[in-house]
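In C-alpha cells form, the structure reads like this:
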C-alpha cells in the first residue's frame, strides 16, 4: 500500500513543471517513503529514487527521508543496510547541500543519550561530504555543524578508569577519533592558504570556526578528562585527541606560546578585547596549559625558550581559575599545573616584586580553600604539599612579605599555625652560621612577631578554635627564648619581651584560667546531673559552651567532650608555663 502510494506521488510529480510541488506533495512523499523504509521496502525505494526521471523530485524532496533512513541504519538490520546506505549516498549526491545539512544536524540533535555515539559516527562522513559540496561558502555551516556535534559529545560521560577508556564504554573515544577525521579536510584547506601566502588573516571565517572547535574541545571534553600516562595506557584515543587539537591550533596559525602568554601580555585598551575574550576562553587555555606542562602533550611544537618564571606567571591566571572552582577535576588540574610550574623553578629564587601580581595573592587564597574546605582528602593533602612548595620557591624577602600577608588575611587557625611553623623554620635557618639575613632577624622580624604573638580577642579569644595557631605561636616563642641567648639577641626577642608579656602572655594566662574554670564548672555540673538522673543512658541533652550549642549527645558523650577540652587546656598551659619560667628567671636578680 505505501509503496503504491509512493509510486503514485512520484508519477504525479513527474508531470509538474518548474519543481512547483505543493506542500501536500511533500507530505505524501515523506509519509509514503517513511513507511516503505520502515517496512523493509528500501530496495524498491532505491529503484524509484535513482530513476533519472525522478531526479528533480528527489533533489527537492529527498532530504526529508533522512530521518527514517538514519533510524533504519542505526537498527543495523542486515537485509536493509546495503539499500539504506545506497539511498543515503544517492541523496548526498542529488539533494541540496543546505537542506541536507539541516536534515543531518536535526538527526544529530535528536539523538538520545544512548545513541549519541552511534549517530555521530554514522553521520560524520555524510556531514563532511555535504559541507565540502558548499565550496568556499561553507565556513558558517562548518561552524554550525561543529557546534552541534560538540554539544552532543559533551553529553557523553567521561571515562575514569583505564578499562573504561580501553573498552570505550561510553562511546566518547570513538566520537573524538571520528571528529578528527571530520575536520581534517578543513584544516588542510587552511594549511594550504598559509603555505601559499606565508600567513593567514586572523578573521578568515573557516579558520575562526576551527579555532572555536579547538577551544570548545579543550573545555569539553578535555578539561573533564584525566589523561592516562603512556606507561599506564599505551594507546589512548583521548590522549591522541588532545594531541591533535593542539596540532590543529598550530596548523591554523595559532602560536602556542602566544596563547600561553596572552593573558599576561594583553592590553585591555586594545579594540575588540571582549571579542578576544570570547574567542580565547580562559578555561580552554587553562586546559591547553595543563596538556602542555603536566601531560607533556605536543611539546615538540612548543619551544623550550621561555623562562620558568615567565611560564609560572602565565600559568597563574589559569591556576587561579581552576582552583576557584569546586569540581574535583578542575581542582586536581589546578593543583597539578601549579605544582609542575613550581618544580621548574629553583628554591628561594622568586623575587619579592612578583607578589605585586594579583594572582600571587589570589592563588594562595584559593589554595587555602582547597586545603580546608574540599571534601576530597587526597586533594586537601595535595593542596598542602603544593602550598609548601610555593613557599619554598620565594626568596627570603618574598617569604617574609608572603607570611605577613597571609597572617593578616587568613581566617583559619590551622593555616595560620602552618604559616607560623614556616616562620619558625626560617628563623632557625637564619640563626645558623652564615645564614643571617635582615628579614628573619632583628628589626624586620619584630613586626612579624607582633602579628604572630597576639590573641584576636584578648583574654576572651576562643582557645579551642584557635588551638593550632596558639600552640605554634607558643612553641615559636619558647624556641626563640631558648635558642637565641639574651646576650646575643640576634632576633631582637629579648628587647621585645616585656611587650610580649603584657600583650600576649598575660592575656593568654587570663584567658586560659577563665576557660579552664568554665569547663571545669560545666564538667562538675554534668557529673552531678548524671548521678541524679534516673535514666542517664537514654537521656539526650544539649550542652552550651562559650555561647555555642554542641550537638545533642548523651551525658557520657558530653563529659568526654569537656574532658577533652580540659586536656587541651593542659597542653597549652604546659608550654605557657615553660615560657613563664624563662621570663621569670630573667627578672630574678642574681644572688
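In the working numbering, the protein residues as written are 576 to 1166. Yeah, the Cβ is synthetic: ideal placement off N, Cα and C, and Gly gets one too. This one's a predicted model, so the numbers in the text were calculated from it and none came from an experiment.
With DSSP collapsed to three states, give me the class of residue 863.
-> Here residue 863 sits in helix by DSSP.
Just the Cα atoms here: how many angstroms apart are residue 527 and residue 723?
-> A query on residue 527 cannot be resolved here, the shown segment of the chain reaching from 576 to 1166 and no further.
Just curious, the alpha helix (DSSP H) that residue 775 is in, first and last residue?
-> Looking at the DSSP string, residue 775 is not in any alpha helix (DSSP H), and its letter there is neither H nor E.
Closest Cα partner of residue 1096 within the set 977, 1055, 1138, 817 = 1138
Based on Cα-Cα distance, which residue from 824, 893, 729 lies nearest to residue 938?
-> Of 824, 893, 729, the residue nearest in Cα terms is 893.
Reducing DSSP to helix, strand and coil, say where residue 978 ends up.
-> helix
Per DSSP, residue 925 forms a beta bridge with which residues?
-> 969
Quick check: the stretch 651-660 against the stretch 614-622, are there 3 or more CB pairs under 8 Å?
-> yes
Whole-number beta carbon distance between residue 748 and residue 812, since they are thought to touch under 8 Å | About 4 Å separates the beta carbons of residue 812 and residue 748, which is inside the 8 Å limit, making them a contact pair.
Would DSSP call residue 946 helix, strand or coil?
-> helix
Can you have a look at residue 1014 and say buried or exposed, based on whether 16 or more other CB atoms are within 10 angstroms of its CB?
-> The residue is buried, with at least 16 neighbouring Cβ atoms inside 10 Å.
DSSP three-state assignment for residue 1083, whether helix, strand or coil = helix
Should residue 1089 go down as buried or exposed, given a rule of 16 or more other Cβ atoms within 10 Å for buried?
-> exposed
Would you mind reading off the limits of the alpha helix (DSSP H) that contains residue 873?
-> Looking at the DSSP string, residue 873 is not in any alpha helix (DSSP H), and its letter there is neither H nor E.
Helix, strand or coil for residue 1032 per DSSP?
-> coil
Using DSSP with H/G/I as helix, E/B as strand and the rest coil, what is residue 670?
-> coil
Residue 990 and residue 1036 look like a contact to me (Cβ under 8 Å); what is the Cβ gap, rounded to whole Å?
-> Going by Cβ atoms, the distance from residue 990 to residue 1036 rounds to 17 Å, so no, they are not a contact pair.
If you draw a straight line from the C-alpha of residue 669 to the C-alpha of residue 867, how long is it?
-> 45 Å
So, are the CB atoms of residue 981 and residue 935 less than 8 Å apart?
-> For the pair residue 981 and residue 935, the CB atoms are not nearer than the 8 Å cut-off.
Spatial neighbours of residue 1017 within its chain, please: CB distance less than 6 Å, with the 5 preceding and 5 following residues excluded, ordered by chain position.
-> 1067
Beta-carbon separation of residue 781 and residue 799 under 8 Å?
-> no
Residues near residue 1101 by beta carbon distance below 8 Å, same chain, minus five either side | Excluding sequence neighbours, residue 1101 sits near 1118, 1130, 1133, 1134, 1137.
Distance between residue 886 and residue 759 (C-alpha atoms, nearest Å) | 31 Å
Minimum C-alpha distance to residue 581 - residue among 590, 921, 600 | 600
Spatially closest choice to residue 687 from 646, 710, 923, 1042, by CA coordinates | If you compare the alpha carbons of 646, 710, 923, 1042 with that of residue 687, the shortest gap goes to 646.
Residue 784 beta carbon less than 8 Å from that of residue 721 | yes
What three-state label does DSSP hand residue 829 in the structure shown?
-> coil
Alpha helix (DSSP H) segments (min. 4 residues) lying fully within the stretch 699-753 = 714-728, 737-742
Compute the distance between the beta-carbons of residue 683 and residue 698, then report whether it is under 8 Å.
-> yes
Distance between residue 973 and residue 923 (C-alpha atoms, nearest Å) = Rounded to the nearest angstrom, the two C-alpha atoms are 9 Å apart.
Do you know how far the Cα of residue 832 is from the Cα of residue 845?
-> Below a pLDDT of 50, predicted positions are generally treated as unreliable, and residue 845, at 46, falls in that range; no measurement from the model is reported.
Quick one: Cα of residue 671 to Cα of residue 689, how far?
-> 30 Å
As assigned by DSSP and simplified to three states, the class of residue 1015 | coil
Kindly indicate which residue of 926, 1001, 918 has the alpha-carbon position closest to the one of residue 961.
-> 918
Residues near residue 1026 by beta carbon distance below 8 Å, same chain, minus five either side = The beta carbon of residue 1026 is closer than 8 Å to those of 979, 982, 983 in its chain, skipping five residues each way along the sequence.
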